[in-house]
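Quick note: to get the working numbering, add 138 to the position in the sequence shown (first position is 1).
Idealized CB from N, CA, C, for every residue including glycine.
Small disclaimer: the values here were computed from a predicted structure and weren't measured.
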Amino acid sequence: MMMTIKCPKCGVEGKMSLIERNYKGPYKCWSCRELFTIDIESNVVVSCQPLSQEEYEKAHPPKPTIDMNVGNARNLGGRRY
Ligand SMILES: [Zn+2]
């Protein structure tokens with residue numbers, strides 16, 4: 139389901155999809171790019187705490203960047219791990 143989250147910093151409403159009625163985790167405002175830890179219980183936002191970039195990356199480690207030159211793009215399917 140889609141949840142509307144109002145940014146406490148700039149007041150812009152953003153949407154995020156939830157699988158469950160309860161969620162606790164990072165939220166990033168699309169407008170001011172501020173990071174928050176939000177706590178949703180039964181589809182209601184019960185808390186919204188500012189989150190530092192460092193903490194956010196701890197929770198969501200940045201994905202390895204893919205070098206999008208032609209050679210790599212062609213080889214994506216056969217990427218070895
Ligand atoms: Zn914002």
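In the DSSP assignment, Glu-192 falls within the alpha helix (DSSP H) that extends over 191-197. Only residues of its own chain outside the window of five on either side were considered, and among them Lys-153, Ser-155 have a CB closer than 6 Å to the CB of Met-140, listed in chain order. Nearest to Pro-146 by alpha-carbon distance, out of Arg-159, Asn-181, Glu-172, is Glu-172. Counting other Cβ atoms within 10 Å of its Cβ, Ile-176 reaches 16 or more and is therefore classed as buried. Note on geometry: alpha-carbon atoms of Val-184 and His-198 lie some 22 Å from one another.
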